[in-house]
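**Q** Have a look at the structure that comes next, please.
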Amino acid sequence: MPNHGRDKKDKPAAAQRRRKKKGGANADDALDDDTGMRDQDLPDDFSIFGGSSVASSTLDLGLDDLGLGAEGEYCDEEDEDEDNLDRAGADRAENAAAARAARLSDALSMASTLTSEKRSAKREGGYRVLFKAVTQYAAGPGGRSILETHWESVAEACLWSIQGRGNAKPSEQYAACRVLEACTVVLGDDRDDVVESLNGPLKKVVNATGRATQVRSAALRCLSMLHFICGTDCLEEGEDCWSVMELCEKVGGEKYRGETVAPSLRATAIDCWSLLSTTFGDAYIASGDGYDVEEDLGRGLQLLPLLASCLDSSEAGLRRSAGECVSLIHECRLNLGLDDEEADNTTERRYRRGSWDGSEWEVLMDEVKQRIAELSVESSHHMSRQAKKQQRATFRDFMNTIVDDESPEEIVNWRGGKLTLHSWKEIIQLNFVRHCLQSGFQIQLMCNETLHGVFGAVFTASGTSLSQLEKRLYMGKTSEAAKAADRAMTKQRRNRTNVKNHFLTADGEDL
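Encoded structure:
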C-alpha cells in the first residue's frame, strides 16, 4: 500500500500525546520544576482548611482536651462520689495537657525537615499540620515556651516557602503565611525581634504584583497581626506600624504599582488598616475639620473618599470592609469631646465636637449614610438569597452606628462564660483574631494571656469545677437554659411570620 508521508507526520504527535497521558501521574512534580510561569490566583474561598493530598487529620485534640469534658465521657453512675469525680477530672486535664504538649513538640520538630522536602504538596501538608498544632495545642504559657524553643526552625521554613524557594506553589506560600500569623498570637507582645525578622520578607510579598492574590492577602494579614501583637513603639521609622498603615492605604486603592488591585486584596488591606488603627487614639483617626491648615488631620478622614467609592463596588466583601471601616472612623469621631456621662446620650452625641456638622466631610458623610441605608435594605436579583440576607444584617449594624449614632454590641459565648463587646474597635480586633486562629479561637481565647490583655478580661472555664452530672444538667441540650433559648427562638420566628403576613389583616390584630 503506498505511503504518502501522512503516517510519519502523525506518529510523533500521537506518541507525544501518549507520553503526556502517561506522565499525568507526575503532573504535580512537573509544575514544581516550572519556574517561568506567573503565579496563578487561588480561589476566593481558599482556606488553610481547604484540604491537601497529604495533610493528615491525626491532630484531633480540640476544645474538649482542656478538661471541659466531651460527649460520651460523662459518668453514668450518678451516685459516685463527687470528690473522686473531681480528682479524675483533674487527672484527665493533666494527662490532656501533657498529650497536647507532646504533640505540639512533635509537630514543631517537623518544621526543620520541610526545607529538605522536594515536593510542594508535601510541604503544604506540613504547614497545615503546623497551623493546627499551633492554634489548638500551644495553649497557655507551656505551649508558648515550646513554640519559642522551635521558633527559629519554624520561621526559617516559613520564610523559605514564602520567598518562593523550592518552586513553592501559591497554596504552599499561603499556608506558610497563615502559620506565621498564628505564631505571632501565641508568642505574645513586646517581641520587636520577631517583627524585625519578618517585616521585610512579608512586605516584599505584598509588593510583588506577580504573586497570587490570596498569597499577598495572607502576607498582609500576617504583617498586620505581627505589628498588632508583637510590635512596640521602639521600632525604627519605616519599620513600624505607621509604615504598614501607609502600605494598606496604597494597596487599598484601585491601582498599585501600575496594576489593577483585585477586590479581595483591597478588602484585606482595608481590614488590616482598621485593625492597626485600633492601636491609636480617636484623635489620630478622626480629628480635624479640613479647614484649619495648622490642625493635624485625622488619618481616617483622609481615607473617607476611598471608602465611599468602595461602597459602590460590585464586590460584597469590599463593600463590607469599607462599611466597617467607616463605622470605626465615625465611632472615633463621636468619641471626641465626650465625657463619660455623656457617652450614652444619643442626642448629645450628634451635636458635640465629634459631629460632622460644619466640617469639610459633612456632604461626603451624608452620601455615605444614604448609601449604607440603601445597602441595608437592598433587594436585587443579581445576588443570592443568602447573600442578600447577610448583607442586610451586616449593614444594619453599620447603619445603627453611622446613621443613628448607636454603639454596637457583640457577645462571644464559650463553655463557661461569655464576653460582651460594645465598640467597633473591639469587634474588629475580635474578628481579625477569629479569622487568624480558625478552630483554635476559643482555646486561645481562654488560655492566651496576650488576648486577655487585648480584650481587658480574664477568661475562665467555669465548667471545670462542675461534676459530670452538673455538666449534663447545666450545659446539655436538655438543660433549662437550652429549653429557654428554644422557646425564645420559637417566639421570634412566630413574630417574624406575623409581620410578614400583616398585610393580610385589616387591623393587624394578629400582632
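Counting with the working numbering, you get residues 5 to 515 for the letters of the sequence shown.
Glycine included, C-beta positions come from ideal geometry on N, C-alpha and C.
Whole-angstrom Cβ separation of A216 and L455, contact assumed at under 8 Å?
**A** One-based indexing of the sequence shown puts residue 216 at position 212. One-based indexing of the sequence shown puts residue 455 at position 451. A216 to L455, Cβ: 30 Å. No contact.
**Q** Can R104 and A143 be called in contact, C-beta distance under 8 Å?
**A** Indexing the sequence shown from 1 puts residue 104 at position 100. Indexing the sequence shown from 1 puts residue 143 at position 139. Cβ atoms of R104 and A143: closer than 8 Å.
**Q** Just reading off the alpha helix (DSSP H) that V407 is part of, what are its end residues?
**A** On the sequence shown, residue 407 is found 403 positions in, with the first residue counted as 1. That residue, V407, is in no alpha helix (DSSP H); it is neither H nor E in DSSP.
**Q** Helix, strand or coil, according to DSSP, for N452 in the structure here?
**A** Taking the first residue of the sequence shown as 1, we reach residue 452 at position 448. Coil at N452, not helix or strand.
**Q** Who are the near neighbours of T405 in its chain, counting only those whose CB is closer than 8 Å to its CB and skipping five residues on each side?
**A** Within the sequence shown, numbered from 1, the residue matching residue 405 stands at position 401. Closer than 8 Å at Cβ, skipping near neighbours: S331, H334, E335, S411, P412 and W428.
**Q** Residue range of the alpha helix (DSSP H) that N339 falls in?
**A** Counted from its first residue, the sequence shown places residue 339 at position 335. Taken as a continuous stretch (DSSP letters only), the alpha helix (DSSP H) holding N339 covers A320 to N339.
**Q** Among the candidates S120, A273 and K393, whose CA atom is the shortest distance from the CA of S228?
**A** Position 224 of the sequence shown holds residue 228. Nearest C-alpha to S228: A273.
**Q** Thinking C-beta only, is L118 closer than 8 Å to H154?
**A** Here residue 154 refers to the residue found at position 150 of the sequence shown. Here residue 118 refers to the residue found at position 114 of the sequence shown. Their beta carbons are not under 8 Å apart, which means H154 does not touch L118 by this criterion.
**Q** Helix, strand or coil: how does DSSP classify A74 here?
**A** Counting from one through the sequence shown, the residue named residue 74 turns up at place 70. Here A74 scores only 36 on pLDDT, less than 50, and its place in the model should not be relied on; the value that follows carries that caveat. Reduced to three states, the DSSP call for A74 is coil.
**Q** Keeping to the same chain, check which residues put their C-beta closer than 6 Å to that of Q218; ignore five residues upstream and five downstream.
**A** Working through the sequence shown from its first residue, we reach residue 218 at position 214. Around Q218: L46, F50 and Y178.
**Q** Check each candidate in S247, A312, L310 and E258 and name the one with the smallest Cα separation from S281.
**A** Taking the sequence shown and counting its residues from 1, one reaches residue 281 at position 277. It is S247 whose Cα lies nearest to the Cα of S281.
**Q** Can you list, in chain order, the residues of its chain with a C-beta nearer than 7 Å to that of R400? Leave out the 5 residues immediately preceding and following it.
**A** As a working mapping, residue 400 is identified with position 396 in the sequence shown. Cβ within range, chain order: S380.
**Q** Would V183 and F135 qualify as a contact pair, given that the criterion is a beta-carbon distance under 8 Å?
**A** Within the sequence shown, residue 183 is the residue found at index 179, counting from 1. Within the sequence shown, residue 135 is the residue found at index 131, counting from 1. Contact: yes.
**Q** What whole-angstrom Cβ distance do R261 and T188 have, given they're in contact under 8 Å?
**A** The residue labelled residue 261 in the question sits at position 257 within the sequence shown. The residue labelled residue 188 in the question sits at position 184 within the sequence shown. Not confirmed; about 26 Å, so no contact.
**Q** Would you give the residue range spanned by the alpha helix (DSSP H) that V367 belongs to?
**A** Taking the first residue of the sequence shown as position 1, residue 367 is located at position 363. Its alpha helix (DSSP H) spans residues E366 to L379.
**Q** Need the endpoints of the beta strand (DSSP E) that N417 sits in, please.
**A** Here residue 417 refers to the residue found at position 413 when the sequence shown is read from its first residue. Segment E414 to W418, the beta strand (DSSP E) holding N417.
**Q** Flag this pair as yes or no: are the beta carbons of A326 and L340 separated by less than 8 Å?
**A** By one-based count along the sequence shown, residue 326 stands at place 322. By one-based count along the sequence shown, residue 340 stands at place 336. It is not a contact, given that the beta carbons lie outside the stated cut-off.
**Q** H231: buried (16+ other C-beta within 10 angstroms of its C-beta) or exposed?
**A** Along the sequence shown, one-based indexing puts residue 231 at 227. With 16 or more other Cβ atoms within 10 Å, it is buried.
**Q** Quick check: L239 and D196, are their CB atoms within less than 8 Å of each other?
**A** If you number the sequence shown from 1, residue 239 lands on position 235. If you number the sequence shown from 1, residue 196 lands on position 192. Yes, these two residues count as a Cβ contact at 8 Å.
**Q** Here's the rule: buried if 16 or more other CB atoms are within 10 angstroms of the residue's CB, otherwise exposed. What is K504?
**A** By 1-based counting over the sequence shown, the position of residue 504 is 500. With fewer than 16 other Cβ atoms within 10 Å, it is exposed.
**Q** Locate the alpha helix (DSSP H) running through K126, then write down its first and last residues.
**A** Locating residue 126 in the sequence shown gives position 122, where the first residue counts as 1. Here the alpha helix (DSSP H) through K126 covers S124 to Y141.
**Q** Hey, Q374 and E382 are a contact pair by Cβ (cut 8 Å); roughly how many whole angstroms apart?
**A** As a working mapping, residue 374 is identified with position 370 in the sequence shown. As a working mapping, residue 382 is identified with position 378 in the sequence shown. Rounded, the Cβ-Cβ distance is 13 Å, inconsistent with contact.
**Q** Measure the C-alpha to C-alpha separation of P145 and G285 and round it to an integer number of angstroms.
**A** In the sequence shown, the residue the question calls residue 145 occupies position 141. In the sequence shown, the residue the question calls residue 285 occupies position 281. C-alpha separation (whole angstroms): 30 Å.
**Q** Quick one: what does DSSP say K259 is sitting in, helix, strand or coil?
**A** Position 255 of the sequence shown, counted from the first residue, corresponds to residue 259. It is a strand residue.
**Q** Taking Cβ to Cβ, would you say V190 is nearer than 8 Å to V138?
**A** The residue given as residue 190 occupies position 186 in the sequence shown. The residue given as residue 138 occupies position 134 in the sequence shown. Contact flag set, yes.
**Q** Relative to the C-alpha of A223, which candidate in G204, D237 and E156 has its C-alpha closest?
**A** In the sequence shown, counting from the first residue as 1, residue 223 sits at position 219. Here the closest residue by C-alpha is G204.
**Q** Measuring alpha carbon to alpha carbon, tell me which of L315, S384 and L307 ends up nearest W365.
**A** Mapped onto the sequence shown, residue 365 falls at position 361. Of the listed residues, the one whose Cα sits closest to W365 is L307.
**Q** Just the C-alpha distance for R500 and A492, rounded to the nearest angstrom, thanks.
**A** In the sequence shown, counting from the first residue as 1, residue 500 sits at position 496. In the sequence shown, counting from the first residue as 1, residue 492 sits at position 488. Each residue's Cα considered, the two are about 12 Å apart.
**Q** Let me know if K173 comes out buried or exposed under the rule of 16 or more other beta-carbons within 10 Å of its beta-carbon.
**A** Taking the first residue of the sequence shown as 1, we reach residue 173 at position 169. Buried, by the Cβ-count rule.
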